[in-house]
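Residues in the sequence shown are numbered from 2 upward in steps of one, following the working numbering.
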Amino acid sequence: MSRKLLLQFLGAAGTVTGSRTVVRYGDYRILVDCGLYQGPKEIRQLNWDPFPEVEKLDAVVLTHAHIDHSGYLPKLSKEGFNGPVYCSKATQDLCDIMLMDSAHLQEEDARFANKSRHSRHYPALPLYTTPDAIRVLKQFESIPMDEWKELVPGLSLRMIRAGHILGSAIVQFSYEGSHDSRLLTFSGDLGNGRSHILKPPVMISETDYLVMESTYGDRVQPREGQLKPLGEIIRKVTGRGGTLVIPAFTVGRTQELLYLIRQLESQNLIPLLPVYVDSPMALDATQVYANHSEELKLAVVDGELQSPVCTSSYTAVKSADDSMLLCMDDSPKIVISAAGMLTGGRILHHLKAKLPDPKSGVLFVGYQAEGTKGLLLKQGLTDIRIHHQPVTVEAEIMAMDTFSAHADSNDIMDWLRNFKKPPRGVFLNHGEPNALRALKYRISNEFEWKVMIPQLGDEVLINGG
């Protein structure tokens, strides 16, 4: 007997953060992604709103571990959610790291607000705490890729590799329609197939309804290679005796960089140089990558399969004291550190030490949001404040815009082209307004499919006989 299937869009509608969509099948409710809103203050303020009818929520499924998809989980648990959190094993392992770090940051923000009296509320409270993160992590239940799991009679889910970051998944629901079974698919964040270390996203051929991300729905990314330009930058900076400082995201980008540097060395395109990873979270994430070879592109070297993630090709900087000593070292080297947008972390100490040095260089390999120090440096600022002290920028500031873990407009269209027949409906989310409109126009024009852009709070009935 069929039951109504309802979609309720509670996040990432008209924006790229705060991914949250409720799927209701009869009385059963499962939340697809449970992300934090990030960005301007008025957007972040949405994180404080109570989750609607949390007591009626039966489960959560995560497409991947990024905080804009998982970071609201401790708050949800704090509000009373005690059901299972389904995800891939790699996503679970990454969330063990990332949710604990997120809780620590929430606590630090509250402490700073109380110390500086910058909050409208005193005392300022964290959105959630470390005990909240520990509690929700105990609710995780991993599901093997490509295996169906029955949630309730008539409703099952499975995960299919998305190729965005380690563990990322396309989530499919199979449910009983009026006459036969139907498929509802969430793309999650889709990879572009150009990762050096991750296998590409799986091409699926059918679904009745599709919730599709549109982060880069309005653009086509550069296709030129990364190896040669990166090698040229490394040779230039270290050749004049400087340190190349690379701010990098801890999950995905750091691991790609380590692979490329190793390739440059093995092909004798750069000299053997000291490479330091100075980010505890990046070190932990790299170990998780190394532990999940099932998702990696394995190469045959001397007749043996070799992982693209090698944990012995760099020096791990673990203690804060060692990090400060590294900042004072003037010898030629490569330092990869976090945060990738310079919003905090050990990277700020390295910049404080190296920005005044004309021999050194800073290489940006990731998106820099409005209002961040990273964007200010990219835009050519010659003086910047770090830890409340002025720092003169004499180092060379460079950027490579060819690093991205997201599918662009062409990648999305290629992925959609694999469907044997048009879906009954496509719902676009996880995109800024321009990207959403551009992708809707392109899909509607080229495929003549029915495409909708849900607004925050919209409910759509898709029981689809």
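For each residue, glycine too, the CB sits at the ideal point set by N, CA and C.
Check                                                                                                                            : Outcome
The stretch 336-343 in contact with the stretch 236-253 per 3-pair CB rule at 8 Å                                                : yes
Residue span of the alpha helix (DSSP H) that contains tyrosine 290, given as start and end                                      : 281-292
Uninterrupted alpha helix (DSSP H) stretches inside the stretch 173-207 (no shorter than 4 residues)                             : none
Pairwise C-alpha distance: methionine 414 and serine 294                                                                         : 29 Å
Cβ-based burial, arginine 112 [other Cβ within 10 Å; buried from 16]                                                             : exposed
Counted within 10 angstroms of its Cβ, other Cβ atoms place lysine 1 as buried (16 or more) or exposed                           : Only positions 2 to 466 of the chain appear in this structure, which leaves residue 1 out of reach.
Cβ-based neighbour list, asparagine 115, same chain, cut-off 6 Å, excluding 5 preceding and 5 following                          : Pro124 and Ala125
Near the ligand NAD: lysine 5 beta-carbon under 7 Å from a heavy atom                                                            : Absence of the ligand NAD is noted for the structure shown, with no ligands found whatsoever.
Pairwise C-alpha distance: cysteine 311 and aspartate 190                                                                        : 26 Å
Residues near tyrosine 315 by beta carbon distance below 7 Å, same chain, minus five either side                                 : Leu259, Val276, Tyr277 and Val278
Check whether leucine 245 and glycine 362 have beta carbons under 8 Å apart                                                      : yes
Segment contact flag, the stretch 212-232 with the stretch 68-85, C-beta cutoff 8 Å, min 3 pairs                                 : no
Sequence ranges, alpha helix (DSSP H) only - wholly within the stretch 368-450, length at least 4                                : 374-379, 410-417 and 434-448
Phenylalanine 420 versus leucine 349 - alpha carbon distance                                                                     : 47 Å
Cα-Cα separation, arginine 136 to leucine 297                                                                                    : 30 Å
Contained beta strand (DSSP E) runs [length at least 3] in the stretch 2-45, N- to C-terminal order                              : 6-10, 22-26 and 29-33
Chain-order list of residues whose beta-carbon lies under 6 Å from that of alanine 13 (same chain, five-residue window excluded) : Gly19, Ser20, Asn430 and His431
Beta-bridge pairing of threonine 244 - partner residues as DSSP gives them                                                       : Lys334
Status (buried if at least 16 other CB within 10 Å, exposed otherwise) for alanine 472                                           : The shown model of the chain, from 2 to 466, leaves out residue 472, and the question about it has no answer.
Integer-rounded CB distance, given that glutamate 80 should sit under 8 Å from valine 55                                         : 5 Å
Inter-stretch contact at 8 Å, needing at least 3 Cβ pairs: the stretch 23-34 / the stretch 148-163                               : yes
CB contact below 8 Å: methionine 160 versus chain C                                                                              : This model lacks chain C altogether, as it is built from one protein chain only.
Distance, glycine 367 Cα to arginine 425 Cα                                                                                      : 36 Å
Collapsed DSSP secondary structure at methionine 213 in the structure displayed                                                  : strand
Beta bridge counterpart(s) of glutamate 142 as assigned by DSSP                                                                  : Tyr87
Arginine 263, enclosing beta strand (DSSP E) - first and last residue                                                            : Here arginine 263 belongs to no beta strand (DSSP E); instead the alpha helix (DSSP H) covers 254-267.
CB-CB length for glycine 192 against glycine 218, believed under 8 Å                                                             : Rounded, the Cβ-Cβ distance is 15 Å, inconsistent with contact.
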